[in-house]
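Notes to accompany the following structure.
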Amino acid sequence: MNPRRIYAVVLRQIFLYRRSFTRVLDVFYWPTVDLLLWGFITLYLERESQGINPYASFFLGGLILWNILLRAQQGISVSFLEDIWARNLINLFVSPLKVSEYLAGLLCISIIKVSLAFLVMAGIAGACFGFAIFKMGLWLLFFVLNLCAMGWAIGLVTMACILCFGQEAEILAWALSFLFLPVSAVFYPVEVLPHFLQKIAAFVPAAYVFEGMRAVILKQELSISLLEKAFLLNACYLALGLAIFYRVYKVSLARGSIPKIGE
Amino acid sequence: MEHILEVKDLSKNFNSFWALKNISFTLCPGEILGIVGPNGAGKTTLINCLLGLITPSSGKIIYFGLELWQNRSKVLAKVNFASNYVGLPLSLNLYENLLVYAHLYGVSQAKEKIAYLLKLFGLYEIRQKPTRHLSSGQMTRLTLAKALLNDPSILLLDEPTAGLDPEIAEHTRKLLRDLSKKQQTAIIITSHNLPEIERFADRILMLKKGQIKAIGTKEELLAKFKSKNLEELYFKAVL
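Residue numbers (our numbering), protein chains in the order written: chain A, 192 to 454; chain B, 36 to 274.
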C-alpha cells in the first residue's frame, strides 16, 4: 500500500469538509441533539426513580457508544457516496490508486469523524450531565474498537450494495446500521428481547459490547468472554464485508457498471 | 518502433451483446490515434477497457510490455485520462483538486507542477475558485490539466474539446500535439468531430458495432476506400 495515495483520499475529504459548513455541522449536530435529548430524559427518569438506577450512565453511555458504530459506518459509506455524487469515482479508479488504498483512506476518514463526534459527545455528557465515559477505563478502548469494526463491516456491505444497485441504494448509507439497533441491546439488556430476537442478538457483536458496558457501569467488572465473542464475530464480519465488497467490485468491472454509477 | 500499447483480440460481451469483438491495434510513443464511430460503436467501452474500468471477456491489453490487469497500479501510474463527461469534485477549488490527484499519481514537486499546468491552461488566476463556479470550457481545461499531472506516456481523451470555443479548442489541440511530439506522449482520442480527428490524429481507427472497420493513416484509408475526405470515408466505412 502506498501511504501517499491513502493520504490523497483523506485529503480530498478534508478539503471537502473545510469548504462545507453543512457537512461539518452534520458531524456535530446530530450527536449533540441526541445527547441533549437523552440527557434530559435520563435526568427525568433518575429523578422519578429517586436515583436507584443509573439511567444516565446506561442511556448516555449507550448513546455515545452507538454513535461510534454509526459514525464508523457512515464514515466510509457516506465518503464513498461523496465520490459518486461528485462523479469522481471514475477519475479515482483510473488512477494508480488500489482498492485496498481507497478503503484504507476511507477508514482513516471514518476514524477522524468518529473521534470528533465522540469527543464532542463525551464533553457534553460530562459538562451537562456529569457522566464521565472515560471512567470505563481500558474497557472503553475495547468497546470502541469493536463498535468501529462492526460499523466498518456494515459500511463495506453498504458500499457493495451501492456498487451493485447504484445510487438507488444510497439510503442504506444512513439506514443499514439502524437495522441492528433493536438487537444491539443499546438501551436495554438482551434478556428483555423476545426469545427469537435474543438468538439473533447472539450474532450481533454490538450486543456483547453494550452488555459489557452495563456490567462495567454497574459492577466495574466485565466477563472477558463477552469481549472475546464480540472480537471473534467482528473478525468474521469484517472478513465477510471485505469479501463481499471485492466480489461486487469484480462483478461491477465485468458488467461495466462503474462508469455508469452516478449518471 | 517499440509499441507502448498492444491490444490483442480484445472482446467484450454484455449478456450476449458483443460491445467489442476481436479488437487489435498497437500504439507507438508520440503517436496520436483517433477513434471514430457512430453512437453505440463501442468507443466508450474500448476506452473503459483500456482504463481498466471494464474487464474484457477475452483478449489482452499490454502497456509497456505489462499486462494491464496484472499490473494495474504500475501501468495506470503512466497513463492518464480526461473526458468532458467526467468532472472533478465541485466543492474543491482548482488547486485542491489538482493537489489531490498529484498525490494519487505520486507527482514530485507537486506545487510547482500544478502552478505550471494552471498557467499553461490559463487557469492560474482562478486557482482558488471553487470548481463549481467554472464554465464548461474552464472545466474541460482543468480536467486536461489533471490528465497531464503525471507526464503520462499514454493519454486517453474522450471528446476533449467538446464544450470549448473554437479558439480555445484549437489552442488545446496545438498544446496536445506539441506535448505528443516533444515528450513522446501517445494519445488516444475519441471524437465525433471528424475535421478535428482528420487534422489531429496520425492514424484513425473506425469502429462499427464493436468491430474495427478500418485502421490506418488518413492517406492509407482514403486510398483504400477511394474517398476524397474523411467525411466521405466515414460514411463509406462506418455507416
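Even for Gly, the Cβ is constructed at its ideal location relative to N, Cα and C.
- The C-beta separation of A/Phe-322 from A/Ser-248 comes to about 6 Å, placing the pair in contact by the 8 Å criterion.
- A/Leu-367: not part of any alpha helix (DSSP H); DSSP gives it neither H nor E.
- Annotation for A/Trp-257: Val-377 place their beta carbon closer than 6 Å to its own, counting only its chain and skipping 5 residues before and after.
- Rounded to the nearest whole angstrom, the CA to CA distance from B/Asn-119 to B/Lys-95 is 27 Å.
- Close to chain A, meaning a Cβ-Cβ distance shorter than 9 Å, are the following residues of the segment 124-156 of chain B: Pro-124, Leu-125, Ser-126, Leu-127, Asn-128, Glu-131, Asn-132, Leu-134, Val-135, Tyr-136, Ala-137, His-138, Leu-139, Tyr-140, Gly-141.
- Taking a 10 Å sphere around the C-beta of A/Gly-296, we find 16 or more other C-beta atoms and assign the residue as buried.
- The beta carbons of B/Ile-89 and A/Leu-444 sit about 6 Å from each other, so the pair counts as a contact at 8 Å.
- Under a 10 Å Cβ-count criterion, A/Ala-392 is classified as buried, with 16 or more other Cβ atoms of the shown protein chains found around its own Cβ.
- Between B/Leu-183 and B/Asn-132 the beta-carbon gap is near 14 Å, outside 8 Å, which marks them as no contact.
- The alpha-carbon separation between A/Arg-214 and A/Trp-221 amounts to approximately 11 Å.
- Contact of A/Phe-284 with chain B by beta-carbon distance below 7 Å involves Leu-88.
- Taking 8 Å as the upper bound for CB-CB distance, A/Met-341 and A/Tyr-428 are in contact here, some 7 Å apart.
- By a beta-carbon distance limit of 8 Å, B/Lys-78 does not contact B/Gly-69. Their separation comes to about 10 Å.
- Just so you know, the alpha carbons of A/Leu-280 and A/Glu-273 end up roughly 9 Å apart.
- Chain order gives the chain B residues near A/Pro-450 as Asn-83, Leu-88, where near means a beta carbon separation below 7 Å.
- Not a single C-beta of chain B is nearer than 7 Å to the C-beta of A/Leu-298.
- Contact between the segment 411-427 of chain A and the segment 379-398 of chain A is present, with at least three C-beta pairs closer than 8 Å.
- Given a length threshold of 4 residues, each whole run of the alpha helix (DSSP H) inside the segment 308-375 of chain A is given here in chain order: 329-356, 363-366.
- Fewer than three Cβ pairs drawn from the segment 214-221 of chain B and the segment 153-169 of chain B lie within less than 8 Å of each other, which leaves the two stretches out of contact.
- Under DSSP, B/Glu-233 forms no beta bridge with any residue.
- Per DSSP, A/Phe-387 lies in no beta strand (DSSP E) segment; the continuous alpha helix (DSSP H) that holds it begins and ends at 386-392.
- Inclusion of B/Leu-256 and B/Ala-76 in the CB contact set at 7 Å is not warranted, their separation being larger than that value.
- Boundaries of the alpha helix (DSSP H) harbouring B/Met-174: 171-182, taken from the DSSP string.
- Per DSSP, the beta-bridge partners of B/Pro-165 are B/Asn-128.
- With distances taken between CA atoms, A/Ser-306 lies nearest to A/Leu-261 out of A/Leu-261, A/Pro-380, A/Arg-238, A/Glu-237.
- The residue from B/Ile-239, B/Val-142, B/Tyr-130 with its alpha-carbon nearest to that of B/Ala-150 is B/Tyr-130.
- Per the Cβ contact rule, the segment 225-235 of chain B is not in contact with the segment 43-59 of chain B (fewer than 3 Cβ pairs under 8 Å).
- Interface flag for B/Val-42 against chain A is unset, since no Cβ pair is found closer than 7 Å.
- Taking CB atoms only, A/Phe-206 has a neighbour in chain B less than 7 Å away.
- With 16 or more neighbouring CB atoms inside 10 Å of its own CB, B/Ile-67 falls in the buried class.
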